[in-house]
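Inspection log for the structure reproduced underneath, given as C-alpha cells.
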Amino acid sequence: MPERIYRALVLSVVKHDYLPRAVASHPRFHLVAVADDPDRPDWTHERNQLFADQHDIPYLRDVEGALPDCDVVVVSPEAERHCDLALRAARAGRHIVVDKPLSPCLAECDALVAAVAEHQVKCLVWNRNFLPALVEAQAALERGAIGQLEAIHCDFYFSKDAGPPKGTRKPGDPPINWLDRQLEAHTDGSDGGVGIRPLGELQIEGIYPLAYISMLVNSPVERVFARTSSHFHQANADNEVDDLATVSLEMANGCVGTLSIGRIGAAAHPDIGEIKLHLLGSEGSLVISEARPEVAVYARNQPATEFKRRRIADDNNYLLMQNFVEALDHDRDPVLNASDARDIAATVQAALESAQSGKVVETAR
229 MPERIYRALV LSVVKHDYLP RAVASHPRFH LVAVADDPDR PDWTHERNQL FADQHDIPYL
289 RDVEGALPDC DVVVVSPEAE RHCDLALRAA RAGRHIVVDK PLSPCLAECD ALVAAVAEHQ
349 VKCLVWNRNF LPALVEAQAA LERGAIGQLE AIHCDFYFSK DAGPPKGTRK PGDPPINWLD
409 RQLEAHTDGS DGGVGIRPLG ELQIEGIYPL AYISMLVNSP VERVFARTSS HFHQANADNE
469 VDDLATVSLE MANGCVGTLS IGRIGAAAHP DIGEIKLHLL GSEGSLVISE ARPEVAVYAR
529 NQPATEFKRR RIADDNNYLL MQNFVEALDH DRDPVLNASD ARDIAATVQA ALESAQSGKV
589 VETAR
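Read left to right, the sequence shown gives residues 229 to 593 (my numbering).
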C-alpha cells in the first residue's frame, strides 16, 4: 500500500521561511497553498505571495476557507500570531507544525494544548533537538556514560545582529521601532521576533536551549531564578526587552541547570554562535559543542556575511519532519509537542518574572 502524502497548507510565511521549506523537502508532504487573513498589512501579503510564487502554489487571503483542503498546517507568521493560527487549525481538526516561540502569553499556550487534545490532532513545535551533537549526547546519557545526570549548563549565544549597538542613539533621536527593525532584519534571517510586540532573546530563542535541557534531563522545571539585561543592542534597550539573560533552574528529579543566552552580533563569532552544553554526572562529565561536526572555510573574497565555519551532517529539519510523519502514521507524540512547548513557555515566563522581582519563581503548572 503506498504511503500517504499529507497535504500541507502554509499559514502565513512572513519571516525566514526555513520551516515551510523543510516541510516541502520531505517526500511525505506536499504544499498546496499559502493562506492568511485578508486584513493583514501589505508587507505580509507581499511576502506570502512571494513564497507562493516561488513554490508555484496559490495564495489565498482566507484562512478558514483554506483549512478544509489540507491535512497539515505549517504556521510561520509574526511571533505573536503563532498560537492564534495554530488554535484555529486545531479546532478545524488539522495537524500542526508551528514555528517557535509558541507564544509569549501562557494562556494562549494553554488554549492550544486543550484544543490539540480535544480535537485529537498532532502538533510539532519547531526545535533543534535532532542536531548530531544533541543526538549523541542523549545516547551517551542513555547508556550511562557519565552516570546519573546531576547538573547541566547551556551557553546559547546567537551571533546575529539586532541593529545599532546600544548607546548609539543620539539625543533627540526617536527610539527604534521594533517592527521596522525586524522588517529590516529579514534580509539576513535575524527577524525571528518580527511582529508588533517586542520580544527579548529569552522569549524568541529560549525554547531552543530549554528544549535541549528538557530532553536531556527528562524532568519538569519547578523553580527559576533569572537576570536579564538590554546589554548589546539599541533596539532592545529602546523597547525594554533583553538581549542577554542568565537563568538558574531546579528540576523535579533534583537535577539543577543553568542557561546563559544572548544575541551577541554577527561579528562576534565565525559560526552561528557560541552554543555549548556542559553535563555533570555522578561518574563523569560531558561537554557538547552544538555545531559539531563542522568545517572551517577561509578563502579570498569571501562575503563579509558568510560564516567561516560551516556545519555538516546537519539533517535536523528533515529529521523533525520524519519524526512528525511517524507521529501521524503511528499516533504518537512528536519530539516537542504543544504541551512540552507550553511548559517551556511557563519556564520563560517564570524567568522574566524572576528577573523583574529579583526572587525565585515557581513555574506555572
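Beta carbons are placed, not taken as given, at the ideal position from N, Cα and C, and that holds for glycine.
* Asked: Is it right to say GLU468 is buried, meaning 16 or more other beta carbons lie within 10 angstroms of its own, or is it exposed?
  -> Start at 1 with the first residue of the sequence shown, and residue 468 comes out as number 240. Result: exposed.
* **Local conformation of TYR234 per DSSP, three classes** => If you number the sequence shown from 1, residue 234 lands on position 6. In this structure, DSSP gives TYR234 an extended state, which the three-state scheme calls strand.
* Any idea what DSSP makes of THR456, helix, strand or coil? -> Counting from 1 along the sequence shown, the entry for residue 456 is found at position 228. Correct three-state label for THR456: strand.
* Asked: Who are the near neighbours of LEU315 in its chain, counting only those whose CB is closer than 8 Å to its CB and skipping five residues on each side?
  -> Counting from one through the sequence shown, the residue named residue 315 turns up at place 87. In the same chain as LEU315, and ignoring 5 residues on each side of it, the C-beta atoms closer than 8 Å to its own belong to GLU336, ALA339, LEU340, ALA343, in chain order.
* Asked: Under 9 Å between the Cβ atoms of VAL353 and LEU564?
  -> Here residue 353 corresponds to residue number 125 of the sequence shown, with the count starting at 1. Here residue 564 corresponds to residue number 336 of the sequence shown, with the count starting at 1. Cβ distance < 9 Å, so VAL353 and LEU564 count as in contact.
* Does the Cβ-Cβ distance between ASP383 and ALA494 come in under 9 Å? -> As a position in the sequence shown, residue 383 is number 155, starting the count at 1. As a position in the sequence shown, residue 494 is number 266, starting the count at 1. For ASP383 and ALA494, no; Cβs fall outside 9 Å.
* Which residues share a DSSP beta bridge with GLY512? -> For the purposes of this step, residue 512 is taken as residue 284 along the sequence shown, with counting starting at 1. In DSSP, GLY512 forms a bridge with GLY509.
* **Segment contact flag, the region 305-313 with the region 234-248, C-beta cutoff 8 Å, min 3 pairs** => The region 305-313, when compared against the region 234-248, does touch it at the 8 Å Cβ threshold.
* Name, in chain order, the residues that DSSP records as bridge partners for ALA259. => Looking up residue 259 in the sequence shown gives position 31. Checking the sequence, you will find Leu at residue 259 rather than Ala. According to DSSP, LEU259 bridges with ALA236.
* Roughly how many angstroms lie between the CA atoms of VAL325 and LEU556, to the nearest whole one? -> Counted from its first residue, the sequence shown places residue 325 at position 97. Counted from its first residue, the sequence shown places residue 556 at position 328. Per the coordinates, the alpha-carbon of VAL325 lies some 12 Å from the alpha-carbon of LEU556.
* Asked: Buried or exposed: VAL303, going by 16 or more other Cβ atoms within 10 Å of its Cβ?
  -> Indexing the sequence shown from 1 puts residue 303 at position 75. Classification of VAL303: buried, given that the 10 Å Cβ count is 16 or more.
* **Bounding residues of the beta strand (DSSP E) (the contiguous stretch that carries CYS382)** => In the sequence shown, residue 382 corresponds to position 154, counting from 1. Where CYS382 is concerned, the enclosing beta strand (DSSP E) stretches over 377-386.
* Identity of the residues DSSP links to TYR287 by a beta bridge -> As a first step, residue 287 is located in the sequence shown; it is residue number 59 there, counting from the start. VAL262, per the DSSP bridge assignment.
* DSSP state of THR575 mapped onto helix, strand, coil -> In the sequence shown, the residue the question calls residue 575 occupies position 347. Three-state result, THR575: helix.
* Asked: Can you tell me the Cα-Cα spacing of ALA580 and VAL251, whole angstroms?
  -> Residue numbering aside, residue 580 sits at position 352 when the sequence shown is read from its first letter. Residue numbering aside, residue 251 sits at position 23 when the sequence shown is read from its first letter. Just to set this straight, residue 580 is Leu in the shown sequence, not Ala. Roughly 33 Å between the two C-alpha positions.
* In angstroms, rounded to a whole number, what distance separates the CA positions of ASP652 and PRO248? -> Given that the chain is displayed from residue 229 to residue 593, the structure contains no residue 652 and the question cannot be resolved.
* To do: Hey, could you find the ends of the beta strand (DSSP E) SER476 is sitting in?
  => By one-based count along the sequence shown, residue 476 stands at place 248. SER476 -> beta strand (DSSP E) spans 472-479.
* Integer Cβ distance of CYS311 from ILE380, believed to fall under 8 Å -> Sequence index remark: in the sequence shown, residue 311 carries index 83 (1-based). Sequence index remark: in the sequence shown, residue 380 carries index 152 (1-based). With a Cβ gap of about 28 Å, CYS311 and ILE380 do not count as contacting.
* **Where GLU346 falls, given that 16 or more other Cβ within 10 Å makes a residue buried** => Taking the sequence shown and counting its residues from 1, the one referred to as residue 346 is at position 118. Per the 10 Å Cβ criterion, exposed.
* Asked: What residue range is occupied by the uninterrupted beta strand (DSSP E) comprising LEU424?
  -> The count along the sequence shown starts at 1 and reaches residue 424 at position 196. Here residue 424 is Ile; the residue named in the question, Leu, does not match the sequence. Here ILE424 belongs to no beta strand (DSSP E), and DSSP marks it neither H nor E.
* Three-state secondary structure (DSSP) at GLU534? -> Taking the sequence shown and counting its residues from 1, one reaches residue 534 at position 306. Coil.
* Can you list, in chain order, the residues of its chain whose CB lies under 6 Å from that of MET443, leaving out five sequence neighbours each side? -> Taking the sequence shown and counting its residues from 1, the one referred to as residue 443 is at position 215. These residues qualify, in order along the chain: ASN357.
* **Limits of the alpha helix (DSSP H) - the one that ILE489 falls within** => Position 261 of the sequence shown holds residue 489. Careful: ILE489 lies outside any alpha helix (DSSP H), inside the beta strand (DSSP E) at 484-491.
* Asked: For GLY391, is the classification buried or exposed, using 16 other Cβ atoms within 10 angstroms of its Cβ as the cut-off for buried?
  -> What you label residue 391 is simply residue 163 of the sequence shown in a count that begins at 1. Buried.
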